[in-house]
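Chains E and X, in that order, give the protein sequences. The opening residue of the first sequence carries number 138 in my numbering; numbering runs sequentially from there. The opening residue of the second sequence carries number -14 in my numbering; numbering runs sequentially from there. Notes to accompany the following structure.
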Amino acid sequence: MTYAEILQIVTGCVGSFGFALLFNVRGKRLWVAALGGFLSWLIFLLLTRFVDSEPINYFIVSFLISIYAEIMARVMKTPTTSFITTSLIPLIPGGSLYYTMAYAFQSDADRFVEKAVYTLELAAALALGVIAATAFTKLLYSGLRAVTKTKG
Amino acid sequence: MKEKLCLAMDIGEQMLVCGAEVHRVEDSVKRICEAFGAVRTDVFIITSSMVVTVQYGEGDTCTQTRRITSTGTDFEKIHRLNALSRKICADDMTVSQIREELAHIVAVNTYPLWAECVCYAVISGAFALFFGGGGIEAAVAFAIGAQVRLVITAADKAISNKIFSKFIASFTATALAFAALKLGWVPTVDKTMIGIIMTLIPGIGLTNALRDLFTGDSIAGLLRSIEAVLSALAIAAGYFLFAALGGVIG
């Protein structure tokens, strides 16, 4: 891990914590959200060593973090959204949205289109990861329920 | 019967106002109505409106609607409302007990404005560093971040249109970032701007919109998507307007 990477993990975690405060997440749940932010960027950085495509990496991280959110939400008896929305903050493609805007302003059509498509790809990968995790936990739950019913 | 339906709608309305997902609200309202003894409950909810019809016995129906105008994000209230609706379904609570508890939840405080300014400032500063900015760029983002929250609050009060407040906030933030550039405090505005944009960006909105779409709440999902796209355009418009003006002034 380089210094820049550690700085990113720490600031990403601070960002998640800040948003959790703004969204009025309280008590222990605040730390769950901050830990989620920390984990999301840590996993992202670790995966960049194995996965070349950033959107695919985004999808995997978003899937894993959503599973984390689903588990913690059940432990803390609170809606999952509060952990998903805050933990995934470091993955929000703010940088590429800004450059999309900047290239549009500079009338740099090629780079604008390239960045715009890339921003959309990242946003879609992020959302798909969340959706896949939601579907996965729902399936798992109904599966578990069916098993316990036949046994009971 | 009307009173009980009204109570269920009050709880649902508060959940929507606090930014709960549509399917969660629909589910809660339905469960509460059933706990109150409804034989059949038809619930239709989108982010801006609720329609609920309950049926008790033969031909005994009642319909109420609500219009929801403002939404924010308050997970503490959603957490408590969720716990309340579970409690209603599990235990036998009287109407007055539920009313009292609901009043308690609605009265839960959010943080004061200065604390929100600090949050915005810290988030902006942190993300300026995150995206590779230096200490000074982060400091500038920190200061502008606090200002963004003040501008949004003022704009919300003056015109009560979220999209427009984002436009104004983006405009003033760009102006201040370019001022810092002119004064030679920062080498480029890029990192500072990205830090600030992270507080304005509708990333969460877009993710929730896509989730709604995929989980079958198409109308709610479309409404949220349009909102997310419009606020992204508003941020871009604020940036463009100042950058163009700045080009003219020099």
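Backbone N, C-alpha and C define an ideal beta-carbon position, used for all residues, glycine too.
Own chain, CB closer than 7 Å to residue i, minus 5 neighbours either side, in chain order
{"i": "alanine 210 of chain E", "result": "Pro216, Thr217 and Phe220"}
{"i": "isoleucine 180 of chain E", "result": "Val198 and Leu201"}
{"i": "aspartate -5 of chain X", "result": "Leu87"}
{"i": "isoleucine 73 of chain X", "result": "Ile17, Ala20 and Ile83"}
{"i": "alanine 23 of chain X", "result": "Val39, Gln40 and Tyr41"}
{"i": "arginine 186 of chain E", "result": "none"}
{"i": "alanine 206 of chain E", "result": "Gly173, Thr217, Phe220, Ile221 and Ser224"}
Any C-beta of chain X under 7 Å from that of residue i
{"i": "alanine 98 of chain E", "result": "Examination of residue 98 of chain E is not possible in this model, given that chain E is present from 138 through 289 alone."}
{"i": "phenylalanine 160 of chain E", "result": "yes"}
{"i": "alanine 171 of chain E", "result": "no"}
{"i": "valine 151 of chain E", "result": "yes"}
{"i": "leucine 259 of chain E", "result": "no"}
{"i": "glycine 280 of chain E", "result": "no"}
{"i": "tyrosine 140 of chain E", "result": "no"}
{"i": "alanine 253 of chain E", "result": "no"}
{"i": "valine 250 of chain E", "result": "no"}
{"i": "arginine 163 of chain E", "result": "yes"}
{"i": "tyrosine 235 of chain E", "result": "yes"}
{"i": "alanine 262 of chain E", "result": "no"}
{"i": "valine 267 of chain E", "result": "yes"}
Sequence-distant residues of its chain with Cβ nearer than 8 Å to residue i (five each side left out)
{"i": "isoleucine 31 of chain X", "result": "Val7, Asp202, Ile204, Ala205 and Leu208"}
{"i": "glycine 57 of chain X", "result": "Val2, Cys3 and Gly4"}
{"i": "glycine 149 of chain E", "result": "Gly174, Phe175, Ser177, Trp178, Ile226 and Pro227"}
{"i": "valine 107 of chain X", "result": "Phe127 and Gly130"}
{"i": "tryptophan 170 of chain X", "result": "Ile121 and Val125"}
Segment limits, beta strand (DSSP E) that includes residue i
{"i": "phenylalanine 243 of chain X", "result": "This structure gives no information on residue 243 of chain X, because the portion of chain X shown stretches from -14 to 235."}
{"i": "serine 145 of chain X", "result": "Note, serine 145 of chain X: premise wrong, no beta strand (DSSP E); not H, not E."}
{"i": "methionine 35 of chain X", "result": "34 to 40"}
{"i": "glutamine 49 of chain X", "result": "46 to 52"}
The alpha helix (DSSP H) enclosing residue i, as first and last residue numbers
{"i": "arginine 186 of chain E", "result": "Premise fails: arginine 186 of chain E is in no alpha helix (DSSP H) and is neither H nor E."}
{"i": "methionine 178 of chain X", "result": "175 to 185"}
{"i": "valine 107 of chain X", "result": "98 to 115"}
{"i": "isoleucine 195 of chain X", "result": "Before going further, note that residue 195 of chain X is leucine rather than isoleucine in the sequence given. Residues 188 to 199."}
{"i": "phenylalanine 160 of chain E", "result": "Where phenylalanine 160 of chain E is concerned, there is no enclosing alpha helix (DSSP H), given that its DSSP letter is neither H nor E."}
{"i": "valine 10 of chain X", "result": "7 to 20"}
{"i": "asparagine 67 of chain X", "result": "60 to 75"}
{"i": "valine 93 of chain X", "result": "Element bounds for valine 93 of chain X: n/a, residue is neither H nor E."}
{"i": "valine 171 of chain X", "result": "Per DSSP, valine 171 of chain X belongs to no alpha helix (DSSP H) and is neither H nor E."}
{"i": "glycine -3 of chain X", "result": "-13 to 2"}
Interface flag, residue i vs chain B, CB-CB below 7 Å
{"i": "threonine 138 of chain X", "result": "Any reference to chain B falls outside this structure, whose protein chains are E and X."}
Beta carbon proximity, residue i to chain E, threshold 7 Å
{"i": "cysteine 104 of chain X", "result": "yes"}
{"i": "leucine 191 of chain X", "result": "yes"}
{"i": "glycine 248 of chain X", "result": "For chain X, the structure presents residues -14 to 235; residue 248 of chain X sits outside this window and is missing."}
{"i": "glycine 188 of chain X", "result": "yes"}
{"i": "aspartate 76 of chain X", "result": "no"}
{"i": "arginine 65 of chain X", "result": "no"}
{"i": "isoleucine 179 of chain X", "result": "yes"}
{"i": "arginine 196 of chain X", "result": "yes"}
{"i": "leucine 208 of chain X", "result": "no"}
{"i": "phenylalanine 115 of chain X", "result": "yes"}
{"i": "methionine 0 of chain X", "result": "no"}
Contacting residues, own chain, Cβ-Cβ under 6 Å from residue i (five flanking each side not counted)
{"i": "leucine 114 of chain X", "result": "Ala123"}
{"i": "serine 34 of chain X", "result": "Arg52"}
{"i": "valine 238 of chain X", "result": "In this structure chain X extends from -14 to 235, so residue 238 of chain X is not present and cannot be described."}
{"i": "leucine 1 of chain X", "result": "Val10 and Ile53"}
{"i": "leucine 234 of chain E", "result": "Thr256"}
{"i": "threonine 157 of chain X", "result": "Val136"}
{"i": "isoleucine 144 of chain X", "result": "none"}
{"i": "asparagine 146 of chain X", "result": "none"}
{"i": "alanine 213 of chain X", "result": "Pro187, Gly190, Leu191 and Ala194"}
{"i": "leucine 236 of chain X", "result": "Any property of residue 236 of chain X remains undetermined from this structure, which presents chain X solely from -14 to 235."}
Handout entry: Touching by the beta-carbon criterion (3+ pairs, under 8 Å), the segment 216 to 232 of chain X and the segment 228 to 245 of chain E
Key = Under the 8 Å Cβ criterion, the segment 216 to 232 of chain X counts as touching the segment 228 to 245 of chain E, having at least three qualifying pairs.
Problem - At least 3 beta-carbon pairs within less than 8 Å: the segment 146 to 164 of chain E vs the segment 174 to 188 of chain E - result: A contact exists between the segment 146 to 164 of chain E and the segment 174 to 188 of chain E.
Problem - Segment contact, 8 Å Cβ cut-off, at least three pairs: the segment 176 to 194 of chain X with the segment -14 to 1 of chain X - result: They do not touch, by the three-pair rule.
Practice task
Specify whether the segment 118 to 138 of chain X and the segment 157 to 167 of chain X touch according to this definition: at least 3 beta carbon pairs, one from each stretch, less than 8 Å apart.
Solution key: With the rule of 3 Cβ pairs closer than 8 Å, the segment 118 to 138 of chain X counts as touching the segment 157 to 167 of chain X.
Handout entry: Three CB pairs or more closer than 8 Å across the segment -4 to 7 of chain X and the segment 64 to 81 of chain X
Key = Yes, they touch.
Problem - Cβ pair count under 8 Å reaching 3, the segment 259 to 267 of chain E against the segment 191 to 200 of chain X - result: Because the criterion of three Cβ pairs below 8 Å is met, the segment 259 to 267 of chain E and the segment 191 to 200 of chain X touch.
Problem - alpha helix (DSSP H) runs wholly inside the segment 214 to 241 of chain E, at least 4 long, in chain order - result: Counting whole runs of 4 or more residues, the segment 214 to 241 of chain E contains the alpha helix (DSSP H) stretches 218 to 224.
Exercise for the section: Assess, as a yes-or-no matter, whether the segment 129 to 136 of chain X is touched by the segment 93 to 107 of chain X under the definition of 3 or more beta carbon pairs within less than 8 Å. Expected result: Yes, since at least three Cβ pairs between the segment 93 to 107 of chain X and the segment 129 to 136 of chain X fall closer than 8 Å, the two stretches touch.
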